[in-house]
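Report on the structure given below.
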Amino acid sequence: MIMKRYNIVNNSLGWLCFVIAAVTYLLTLEPTASFWDCPEFITQGYKLEIGHPPGNPIFMLAARFAVNFAFGDVTKVALMVNAMSALLSAGTILLLFWTITHFVKKLIVADDATEVSLQKMLVIMGSGLCGALVYTWSDTFWFSAVEGEVYAFSSFCTALVVWLILKWENRADDPSSDRYLILIAYIIGVSIAVHLLNLLCIPAIVLVIYYRKWKNTTAKGSLIALGVSAVIVGLILYGLVPGFIEISQYFELFFVNTLGWSFNSGVLVYAVILVAVFVWAIAELYKGRSLNGVRWSVLLAMVLSGIFFIGDSLWIPVLLTALLAVYLWMAPRLRTRVLSIAVVSVLVIFVGYSSYALLLIRSSANPPMNQNTPDNVFDLASYLNREQYGDRPLLYGNSFDADIIYRMDSNGNYLPVYEEGPAEYSKVAKANPSEPDKYIVTGHKRSAVTTPELNMLFPRMYSGAHAGAYRDWTGMTGTPVDGTLIVADDGTPIHTQPKIKPTQAENLRFFLAYQLNHMYWRYFMWNFAGRQNDIAGNGEPNHGNWISGIPVIDNPRLGDQSLLPYEEGEGNKGHNVFYLLPLLMGIIGLVWQAFHSKRGIEQFWVVFFLFFMTGIAIVLYLNQTPSQPRERDYAFAGSFYSFAIWVGMGVAGLTAALRYLIGRANKSNKTNEANKTNEAYKSALIPAGIAAVVGILVPIQMVSQTWDDHDRSGRYTARDFGMNYLNSLDPNAIIFTNGDNDTFPLWYAQEVEGVRTDVKVVNQSYLTTPWYVNMMKEPSYQARGIDMLARPTDYAYDRLQFAYFDNKGDSVPVDALTALRALYSPTSANNPQGLPMIPTSLVSIPVDVNAAVKAGRITPAEAQHAENAIVTNLANGQWKEGMSLGNTISLDMLATSVRNGWNRPVYFALTVPDEYYLGMSPYMRLTGMAYEVTPLFNETTLATGAIDVDTDRAYRNITERYRWGGLDVPDADIYLDETVRRMVTSTRLSILNTAEALVREGLDAQDANDTKRASERFTKALNLLNLMEKKLPVRLSPLAFQDAQTIALLYNEIGRSTGNKKLVEKGLQTMRDEIMRYAGNVRYYQSLNPTQYAALQNLDKYIDQTYLITLLSYYREMGGDAEKLLAELQSSGVDVGRLARNADRANAD
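Start counting the sequence shown at 838; every next residue gets the next number (this note's numbering).
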């Protein structure tokens, strides 16, 4: 078969893989926004607004192109962005196929061959199909392929640069092959504006170049090549990316502060000069007329690019500039081809990276979503450096028990000790717009000096907030040390404190057990061995582990998997078993590649370093703390891509193994000469055919497992539940939110689909930043800016990041706005510590009851019960000793709204943690998915923590305004992952709380002999229960812990109060079903050994030790035959005696 026909087959099957992947992803696409960052990214793409650091302007532009195909239908915008991810992911599969076939062909087909035999064709194409389809249907990659996130785009860029360097390898001796290297550099520049992960391909790329251009390759040469690649990564990541911004800052300061030009004029001048210098350098290099022209232009281009500006010190750029100058002027012969590639590569990287100008332009337009407001190069630098997320030590730093060191000055005051860095500049906070543009020094970068005795090498256990989790993961006892706490002016320690420092062995144990095993290898095994369920795991044996489906492998680690509760095992769509088949194919493939030949071991190191850099190297860099808010497998998709190459090569390895076995069998059989040729043909073709079939069956087995938990078609939950928050509010409302999933869906609903644009959504996590406070003052669409007492100058330059209570023991509350005026005063920090102080934590907000009635916050009938002031102790909120800027501004917004006659109703989202309520919970009422602040005080909230319910408004919102995310479609079989199920639980909570309140009102009406009202209240409560059962069916999203108990008790109470025996029976049956459901949990817990049992979450232990007994008690009280049920539990495998012993221990405790 001639090579042309090989290329036709290779190209055709590659595009077949593309079609298979594209059809898969488009069929399983989420039709609207997903949870987490997706609503934010879609909003960025639709209106080119500014998302969270470090930004992704190329993704924004690509998404903006994609949404054009929605043709003005805002409900299809998200679908188009998701479809873009699907097609980019299919493109990744196409390139993966060609990458695998390239590697395999290089190993089994001679370079000078003119044809490829059928046997070799089967091996090559079988390898490509196996690896490409395994990755197509793998867990992590599929998850990112069907949502509007950056990781699909990033994966495509990774696949593209790997494929391009292989294309270059085939043409390296062609003088025009340099264009592939330039294109790779451009793709790297573009990918920086998508995600920095693409830089991790550089070591593999450099190894390909080394192995191709150097004939006598050695281990030493490979190490040198890796060193060169590390330098390139460092120069781009720590030089070019921040250095370009640093030099532009110098230009900006000169043109704005010195020449008096407008903001960003210096950046524009710098960009023009930089491009001109690069054009000059390229012209000199290609014309070659003046050696000095080459030298000066190249030197100036490299310096102005910022690639040498690594770190805050100037000695590194000076040294690197000097080294380049020495080479340019002292080298006996300049390698102009290499210099040309370098200069043009830096230029095209800059071209891709220059897309960040989009952020400057769009931020200056002040869009509604303008995170960190990077409208100038100083704020853009902070944005790109992700400074709001803080730093983490990597090679050397503090351990978790370290404290900030304090210095005692001559007056006896204790001041924190900081190491100061370079000056920080910000735009001047103008009192009026006519003032000239200017940058001012707002301080210096500084880092707190911590207990030096607790510093250690390779610190993995560094977060004080996770000390308990570190102990859980390592069994750590540590080493006692005396840690410096207070120093004198000269730095001499004058007070120490007993501290615990983890040993290096414990530190490494955490790295291996949590960061490497739990946060990487577990995800790796999900993709190539199997997954227990889709419940986020934190080391417990029943959530989120990898499994194989082979009991002898799984059960010793995780307990008897056949006893795992149905909802956590076979009934969980995330339960996938691959029987280790993809893993075994990958191991066979990597062994075959490594031991095939010298070229094979060279290929192996290329793939290995791609695998390592996009996997374990990320683990080392991230240095993650325990108890992550979500699973992080998406960060390692590039590593799993690399292993898929080996999975594909497993077909070639399996072929070789089968040929060896058949060859040995043939040697033992005597055959005549006539049959030898036929036997040889069969011994080559049969193994290839068998291996190719196996290579196809492995991904088919995978997709049979993974389709159901990656099919998001028909799922509208993030959009609809976000709208439910907004539709629970009165017009012109302010709603405080806190996390990603109660904020981004609301932003999406407003920004993309135009829902409730009269509402101001205030994320309290962002409210700790001055830029976000400024945003809240600005109007957006139909929403007015939020009135507040604070002026920009009051909180500018991080002045009020934290304010301390200056409590003097007063029991009389101070007017909140009066206290805030004192805090905003320039004299509030006139104290020995120089810290802003608020006069007291006990504040009041005076209430005009008539204004509250007029504004609709309360009814005229409720006015007689209203308080004349809302009184709260702020020390009962998030912090005991003071308030963050977010707390301060939240109080300001609320107090100002009340002062202005309740002109804007104020709400807290249902999912906001209690500590963010500012102590207002007794004054709050549930209206659906939000709590409204009112002047009505509820003493029950103080006693029980249960927040009051505005039953009429909540009932109306739930029954008339709630949307159900596709769960209400008859016979729907949509997949709800754990995040969605949590949001379903929150929605059910709003319904159940309202139903409980209605039942209480019904009982009160009965006590008052108001039978009509009682009947109406009970009917409404029953309507809610029926609505919830219909719209949020249990078959799609099982009831959360205690929900069924609440439902059973409600049915029982309504039935008894109305004489409806069917409802009593329904309540009894619901309670019985709940008991039998959790009996399955107890049977599993019984199977665990002590170590496995100890690793269970506290909720699981509570279910085992207390909850089932509690349910049985309720069942008995409701009139059920508890003894008969106990006998059923015993016969089903539950150790009833053990339950009784657990109950006795619980009662004793």
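Note that beta-carbon positions come from the ideal geometry of N, C-alpha and C, so glycine has one too.
Fair warning: this is a prediction, and the values are worked out from it, not measured in the lab.
| query | Among the residues of its own chain, which have a CB less than 8 Å from the CB of Leu-1755, if the five just before and after it don't count? | reply | Correct list, in chain order: Thr-1709, Leu-1711, Gly-1714, Asn-1724, Ser-1727, Leu-1728, Leu-1731.
| field | Cβ contact (3+ pairs, closer than 8 Å) linking the segment 1083–1101 and the segment 1206–1222 | value | The segment 1083–1101, when compared against the segment 1206–1222, does touch it at the 8 Å Cβ threshold.
| query | Based on Cα-Cα distance, which residue from Gly-928, Arg-1436, Tyr-1944 lies nearest to Asn-1053? | reply | Comparing Cα positions, the closest option is Arg-1436.
| said: For the alpha helix (DSSP H) containing Pro-1875, name the first residue and the last one. | reply: First-last for Pro-1875: undefined, no H or E at that position.
| How many angstroms separate the CA atom of Phe-1473 from the CA atom of Phe-1365? | Roughly 13 Å separates the two Cα atoms.
| task | Within the segment 897–979, note down every full alpha helix (DSSP H) run reaching 4 residues or more, in order along the chain. | result | For the segment 897–979, whole alpha helix (DSSP H) runs of length 4 or above, ordered along the chain, are 914–945, 955–973.
| message | DSSP three-state label for Met-838, please. | response | Low confidence applies here, because Met-838 scores a pLDDT of 49, under 50, leaving its location unreliable and the question unanswered by this model.
| As assigned by DSSP and simplified to three states, the class of Arg-1368 | Of the three classes helix, strand and coil, the one that applies to Arg-1368 here is strand, per DSSP.
| task | Take the Cβ of Ser-1721 as the centre, count every other Cβ of all protein chains shown within 10 Å, and call the residue buried at 16 or more, exposed below. | result | So Ser-1721 counts as buried.
| request: Below 8 Å on the Cβ atoms is my guess for Gly-965 versus Leu-853; work out the distance and round it to an integer in Å. | output: For Gly-965 against Leu-853, the beta-carbon gap comes to about 10 Å, at or over 8 Å, which does not count as contact.
| said: What does the alpha-carbon distance come out to for the pair Val-1068 and Leu-1037? | reply: Leu-1037 has its alpha-carbon roughly 12 Å from the corresponding atom of Val-1068.
| How is the alpha helix (DSSP H) around Asp-1319 delimited, first residue to last? | For Asp-1319, no alpha helix (DSSP H) encloses it; the enclosing beta strand (DSSP E) starts and ends at 1316–1324.
| request: Would you list, in sequence order, the uninterrupted beta strand (DSSP E) runs of no fewer than 3 residues that lie entirely inside the segment 1619–1643? | output: DSSP assignment within the segment 1619–1643 yields the following whole beta strand (DSSP E) runs of 3 residues or more, N-terminal first: 1639–1642.
| task | Determine, using beta-carbon pairs with one atom in the segment 888–903 and one in the segment 1193–1213, whether at least three such pairs fall under 8 Å. | result | Flag = yes, the segment 888–903 and the segment 1193–1213 touch.
| field | Every unbroken alpha helix (DSSP H) within the segment 1872–1953, with a cutoff of 4 residues, ordered by chain | value | Within the segment 1872–1953, complete alpha helix (DSSP H) segments of at least 4 residues are found at 1880–1895, 1898–1923, 1927–1931, 1935–1939, given in chain order.
| query | When the Cα of Val-1649 is compared with those of Arg-1636, Ile-1438, Ile-1682, Leu-955, which residue comes out closest? | reply | Distances from the CA of Val-1649 to each of Arg-1636, Ile-1438, Ile-1682, Leu-955 were compared; the closest alpha carbon is that of Ile-1682.
| said: From the DSSP secondary-structure annotation, give me the bridge partner or partners of Ser-1681. | reply: Looking at the DSSP assignment, Ser-1681 forms a beta bridge with Asp-1652, Val-1708.
| query | Closest to Ala-1266 by CA distance: which of Tyr-1255, Pro-1259, Val-1278 is it? | reply | Among Tyr-1255, Pro-1259, Val-1278, the Cα nearest to that of Ala-1266 belongs to Val-1278.
| field | Pair within 9 Å by beta-carbon distance, Phe-1115 and Leu-1184 | value | Leu-1184 sits close to Phe-1115, with the two beta carbons spaced by under 9 Å.
| Applying the criterion that 16 or more other CB atoms from any shown protein chain within 10 Å of the CB defines a buried residue, is Ala-1949 buried or exposed? | One detail in the question is off: residue 1949 reads as Leu in this sequence, not Ala. Result: buried.
| request: Please state whether DSSP places Gln-1701 in a helix, a strand or coil. | output: Note: Gln-1701 maps to helix in three-state DSSP.
| If you run the structure through DSSP and keep just helix, strand and coil, what is Ala-1030? | The answer is coil: DSSP assigns Ala-1030 none of H, G, I, E or B.
| query | In whole angstroms, what is the alpha-carbon distance linking Glu-1752 and Asn-1830? | reply | Looking at the two C-alpha atoms, the distance is approximately 20 Å.
| field | Own chain residues within Cβ distance below 8 Å of Thr-936, not counting five before or after | value | Correct list, in chain order: Ala-996, Val-999, Trp-1000, Leu-1003, Ile-1482.
| said: Can you find the residues in the same chain that come closer than 6 Å, C-beta to C-beta, to Pro-2016, ignoring five residues on each side of it along the sequence? | reply: The chain is shown from 838 up to 1986; residue 2016 falls before or after that span and cannot be answered.
| request: Using the Cα positions of Arg-1982 and Asn-1935, report the straight-line distance between them to the nearest angstrom. | output: Rounded to the nearest angstrom, the two C-alpha atoms are 16 Å apart.
| query | From Phe-1446 to Ile-1387, what does the alpha carbon distance come to, in whole angstroms? | reply | Rounded to whole angstroms, Phe-1446 to Ile-1387 spans 31 Å at the Cα level.
| Reference Glu-1776; option with closest CA among His-1702, Leu-1886, Ala-1767, Ala-1809 | Taking Glu-1776 as reference, the option from His-1702, Leu-1886, Ala-1767, Ala-1809 with the minimal CA-CA separation is His-1702.
| field | Reference Ile-1533, options Asp-1309, Leu-1418, Lys-1336, closest by Cα | value | When C-alpha distances from Ile-1533 are compared across Asp-1309, Leu-1418, Lys-1336, the shortest belongs to Leu-1418.
| task | Decide if the segment 858–878 is in contact with the segment 916–929; the criterion is three or more beta carbon pairs, one per stretch, under 8 Å apart. | result | Contact between the segment 858–878 and the segment 916–929 is established, with three or more Cβ pairs separated by less than 8 Å.
| query | Quick one, which of Ala-1627, Ile-1046, Ala-1350, Ala-1022 has its alpha-carbon nearest Ala-1990's? | reply | Past the boundaries of the shown model lies residue 1990; the chain is included only from 838 to 1986, so the question cannot be answered.
| message | According to DSSP, simplified to helix, strand and coil, what is Val-983? | response | Per DSSP, reduced to three states, the secondary structure at Val-983 is coil, with no helix or strand assignment.
| query | So, is Glu-1439 buried or exposed, given that buried needs 16 or more other C-beta atoms within 10 angstroms? | reply | By the Cβ neighbour-count rule, Glu-1439 is buried, with 16 or more other Cβ atoms within 10 Å of its own.
| message | Determine whether the beta carbon atoms of Gly-1452 and Tyr-1357 lie at a separation below 9 Å. | response | Taking 9 Å as the Cβ cut-off, Gly-1452 and Tyr-1357 qualify as a contacting pair.
| query | Any idea what DSSP makes of Phe-1745, helix, strand or coil? | reply | If DSSP states are grouped into helix, strand and coil, Phe-1745 belongs with the strands.
| Taking C-alpha atoms, which residue in Thr-1329, Ile-1337, Gly-1301 lies nearest to Gly-823? | Only positions 838 to 1986 of the chain appear in this structure, which leaves residue 823 out of reach.
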